[in-house]
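Structure record follows, encoded as structure tokens.
Number of protein chains: 2
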Amino acid sequence: MSEAIRELLKKNHMSVTDSRLQILDLFYHAPGALAHADIEKKASDKIDRVTIYRTLQTFEEKGIIHTIPSADNSVKYALCKDQCAEGHHHDNHVHFVCDNCSKTICLDDVLVPEVKLPGGFEPHQSNMVVNGLCNECRS
Amino acid sequence: MSEAIRELLKKNHMSVTDSRLQILDLFYHAPGALAHADIEKKASDKIDRVTIYRTLQTFEEKGIIHTIPSADNSVKYALCKDQCAEGHHHDNHVHFVCDNCSKTICLDDVLVPEVKLPGGFEPHQSNMVVNGLCNECRS
DNA sequence: ACAATTTTGCAATTATGTTGCAAATATTAT
DNA sequence: ATAATATTTGCAACATAATTGCAAAATTGT
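Top to bottom, those sequences are chains A and B.
Under our numbering, the first sequence is numbered contiguously, ending at residue 181.
Under our numbering, the second sequence is numbered contiguously, ending at residue 181.
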């Protein structure tokens with residue numbers, strides 16, 4: 043079960059450690075994206091704050107997770123669907139943030155549409171976040 | 043000159059104070075969006091950090107400025123083009139963040155396109171941020 | 001000009017993020 | 001399996017960012 047997770051770490055030339063296994067496990071079982079604080083709370087064995095920061099950073103660099111921008115100073119992280127190339131993310135899907143339960147969800151199948159920019163602007167990357175009511179909170 | 047700004051404050055039932063005039067003035071003359079730190083630095087007369095936090099918050103509530111989400115924990119603020127209704131923003135334009143000069147610019151004429159969400163999701167508000175090179179940095 | 005209300009500035013507190021380094025753990029080669 | 005090497009962790013210290021309560025100051029309406 044955690045065998046897949048071990049493989050993922052090895053594939054990315056990372057040592058297999060308790061904290062990493064635990065954090066990855068959290069991501070795999072989380073209903074939505076996780077913030078640093080969420081991980082700190084949910085971890086069964088206490089993981090040091092600093093370790094969490096560093097782990098999130100290396101996971102992000104390795105293309106295992108990606109960041110989701112927010113308007114309230116609380117960046118969240120979610121698993122990249124298909125492994126992103128190291129240092130080069132290609133997560134161009136829309137993110138949804140529920141106004142009610144405040145879950146952040148990756149809409150893997152909804153791609154960020156292209157927009158036509160004014161002359162002189164050269165786009166590299168686009169992010170789109172939609173707020174509203176998620177499928178669960180609407181019922 | 044600052045007469046228009048005074049009017050804006052009165053129209054929104056806010057007392058006219060030095061810090062507010064100064065902060066609004068900064069926004070009107072800024073090349074792009076401003077973060078809390080920018081305001082603290084650029085203010086001619088020193089304004090207390092706490093006052094800046096509170097002023098930004100009330101401006102946002104009154105619909106005078108809006109927040110721009112980011113992926114690096116540094117929320118910025120910009121003037122709402124047309125007064126937004128109190129507590130109800132309708133700034134649905136795309137924002138551009140330059141990877142070089144890191145200015146954040148409101149592309150007032152580029153509207154955030156609609157996307158089709160999976161069944162059950164009810165959208166309320168959309169945000170879109172494009173990174174790349176701005177018109178000045180490309181030259 | 002006065003009374004009522006709002007806003008400010010300070011101090012204290014809490015939250016968030018970063019760095020250096022020694023100890024612990026994991027990996028590699030023998 | 002063990003030793004040598006490399007990586008990762010946890011702690012302490014520090015730095016920055018944000019929030020709260022409250023008394024003093026400024027603003028507004030009469």
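The beta-carbon is built from N, C-alpha and C at its ideal position, and this holds for glycine as well.
Backbone CA spacing between residue i and residue j [nearest angstrom]
i: A/Asn177; j: B/Asp67; result: 43 Å
i: A/Asn54; j: A/Ile47; result: 11 Å
i: A/Phe71; j: B/Val157; result: Looking at the sequence itself, residue 71 of chain A is His, so the reference to Phe does not match. So the alpha carbons of these two residues sit roughly 27 Å apart.
i: B/Cys179; j: A/Asn169; result: 21 Å
i: A/Cys122; j: A/Ile107; result: 5 Å
i: B/Val92; j: A/Asp60; result: 41 Å
i: A/Gln167; j: A/Ser57; result: 31 Å
i: B/Gln99; j: A/Ser44; result: 45 Å
i: A/Thr97; j: A/Asp80; result: 14 Å
i: B/Lys104; j: B/Lys52; result: 11 Å
i: B/Lys88; j: B/Ser181; result: 36 Å
i: A/Ala120; j: B/Leu50; result: 41 Å
i: B/Ser116; j: A/Ser116; result: 9 Å
i: A/Asp133; j: A/Asp151; result: 11 Å
i: B/Asp90; j: A/Phe69; result: 40 Å
i: B/His131; j: A/Gly161; result: 27 Å
i: B/His137; j: A/His137; result: 16 Å
Residue i (DSSP reduced to helix, strand or coil)
i: A/Glu156; result: coil
i: A/Ile89; result: coil
i: A/Asp150; result: strand
i: A/Asn177; result: helix
i: A/Ile81; result: helix
i: A/His132; result: coil
i: B/Thr59; result: coil
i: B/Phe138; result: strand
i: A/Lys118; result: strand
i: B/Ile94; result: helix
i: B/Lys106; result: Sequence check: residue 106 of chain B is Ile here, not Lys. In this structure, B/Ile106 counts as coil in the three-state DSSP scheme.
Contact belief for residue i with residue j at Cβ below 8 Å, rounded distance in angstroms
i: A/Lys118; j: A/Ala85; result: 16 Å between Cβ atoms; not a contact.
i: A/Gly174; j: B/Phe163; result: 6 Å
i: A/His135; j: A/Leu153; result: 6 Å
i: B/Val172; j: A/Pro155; result: Not confirmed; about 11 Å, so no contact.
i: B/Ile94; j: B/Glu102; result: 12 Å between Cβ atoms; not a contact.
So does the region 105-113 of chain B actually touch the region 57-64 of chain B, counting three or more Cβ pairs closer than 8 Å?
For the pair of segments examined, the region 105-113 of chain B was found not to touch the region 57-64 of chain B: the number of CB pairs separated by less than 8 Å stays below three.
The region 139-146 of chain A in contact with the region 136-151 of chain B per 3-pair CB rule at 8 Å
The region 139-146 of chain A is not in contact with the region 136-151 of chain B.
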